[in-house]
Amino acid sequence: MSDQILQLKQIEKSFGNTKVLDGIDLQLHRGEFITLLGASGCGKTTTLRIIAGLETPDSGSVLLDGVDVTAVPPEKRNVNTVFQNYALFPHMSVADNIGYGLKLKKVSKSEIQAKVKEMLELVQLSEYGSRMPAELSGGQRQRVAIARALAVQPQILLLDEPLGALDLQLRRQMQFELKRLQKQLGITFLYITHDQEEALNMSDRIAVMRQGRFEQIGTPNEIYDSPKTAYVAKFVGEANILKGKVTQSGKVVCVETAAGTALAICKRCGAAEGKSVSIAVRSENVSFAPYQPDAQGLAAVIREKNFAGGMLRIVLELKDGQTLIASRHGIDLPAQVGDEMTVFWNAEQAIVVEDVEEGKL
């Protein structure tokens, strides 16, 4: 049996004159948790709807277990979808909602009862079978929606921003619950979100989408630590992008920017001297110290200090007017707004990235 459970081959889709998907390829492996991550309008939901059979691609093919299902209607594909708005039947009890798909498949009443009991235990709602959806909290309703989708034992579970309507604390709790369910059942999950933290916390692989294409596909570590493009570096986490020309190439690349000379370890860059490049440095890797004229680094001035999400965010302005962001744990630091600093980082904490917008490295 092949490890691949789903293949998308050169999928294209337009709505009117707007191209939403631009020849995308994707392979899903059995039992993996893969996330499509991207901003609104990048094509995530259209991709999911094509996999589910709710949309038909203009060209390309969808293969499920090696079988072309591009023209197969949704009800004949062994995939199921969980939506953000739960889509529970308000006039049915929790148990009836969970068993609805099995009822449509003409499963016997005793089998339905057994499966509903199993699903209620799985989502930790054993005592809630007789309740109505209106009597449940948002998190409980989402668990019921997931149980209903899992009851029919789909090969792939599609989840379209399923936690989007929940508050932050409940979202984080449900992230762990979903990952637990996925590992326990061994079902392939394809998850859609615009929340980078959610994607990094839950996924085996992440496919970062932009303007109908996959910008990068990889593990959370690969996406975060080795972004291929400036867009991925900025969208996943917070990265500073500096542009300049290579003055020294090799294992360590020296780049002359408008604000001075910056260092970057050479990863995938093929950076020859004189070449224009972009360097990404994550905010947590940006260090600074009181300014000294002979110190190695970039001269800067602290312009802002903000505390949010458990991190102190420091905005530093370079001499060319560009701002860099540095982040620290804690609520403050001795340096004040207006203080002159030298900004620096270890060479291995920076990476040369492709700048897609300008079509150059």
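Residue numbers (the numbering used here): 29 to 389.
All C-beta atoms in this analysis are idealised placements derived from N, C-alpha and C, irrespective of residue type, glycine included.
None of these values were measured; they are calculated from a predicted model.
- Looking at G358, Q224 and Q320, the one whose alpha-carbon comes closest to that of G265 is Q224.
- Where I140 is concerned, there is no enclosing beta strand (DSSP E), although the alpha helix (DSSP H) around it starts and stops at K137 to L150.
- Residue range P248 to D253 is occupied by the alpha helix (DSSP H) that includes P248.
- Ranked by how close their Cα comes to the Cα of Y219, the residues R77, A290 and P362 have R77 in first place.
- In this structure, the CA atom of L153 is about 11 Å from the CA atom of L164.
- Relative to E226, the option among K279, E83, L64 and P161 whose CA is nearest is L64.
- As computed with DSSP, V90 is found in a beta bridge with L36.
- For F111, the enclosing beta strand (DSSP E) stretches over residues V107 to F111.
- Three or more Cβ pairs closer than 8 Å define a contact, and the stretch 117 to 124 falls short of that threshold against the stretch 70 to 84.
- Exclusion of the five residues before and after E368 leaves Y319 and V329 as the residues of its chain whose Cβ lies within less than 6 Å of its Cβ.
- Three or more pairs of CB atoms, one per stretch, sit closer than 8 Å, so the stretch 305 to 314 contacts the stretch 261 to 280.
- Around the C-beta of K143, 16 or more other C-beta atoms lie within 10 Å, and the residue is accordingly described as buried.
- DSSP places M339 within a strand segment (E or B) once states are collapsed to three.
- Residue pairing by DSSP places I269 opposite A308 in a beta bridge.
- Fully contained in the stretch 40 to 94 are the following alpha helix (DSSP H) runs of length 4 or more, in chain order: 72 to 80.
- The beta carbons of D93 and Q183 sit about 7 Å from each other, so the pair counts as a contact at 8 Å.
- Spanning the alpha carbons of K207 and L228 requires a straight line of approximately 12 Å.
- It is roughly 25 Å from the alpha-carbon of M230 to the alpha-carbon of L49.
- Assigned with DSSP and collapsed to three states, E284 falls in strand.
- The closest CA to that of I379, considering only F335, N313 and M339, is found on N313.
- Distance from the CA atom of K211 to the CA atom of E376, rounded to whole angstroms, is 34 Å.
- Using a Cβ distance threshold of 9 Å, V90 and L36 count as a contacting pair.
- In terms of Cα proximity to T46, the closest of Q32, G240, R169 and Q170 is G240.
- Of the candidates L194, D383, L344 and S87, L344 places its Cα closest to the Cα of I353.
- About 13 Å separates the beta carbons of V305 and V280, which is beyond the 8 Å limit, so they are not a contact pair.
- Residue state for V180 is assigned as coil, using DSSP reduced to three classes.
- Within the same chain, Cβ atoms closer than 7 Å to the Cβ of R238 are found at G66, C70 and Y259, the five residues on either side in sequence being excluded.
- In the DSSP assignment, A354 falls within the unbroken beta strand (DSSP E) covering T351 to H357.
- The criterion of a C-beta distance shorter than 9 Å is satisfied by Q170 and Y114.
- Pairing P85 with G246, the inter-Cα distance amounts to about 25 Å.
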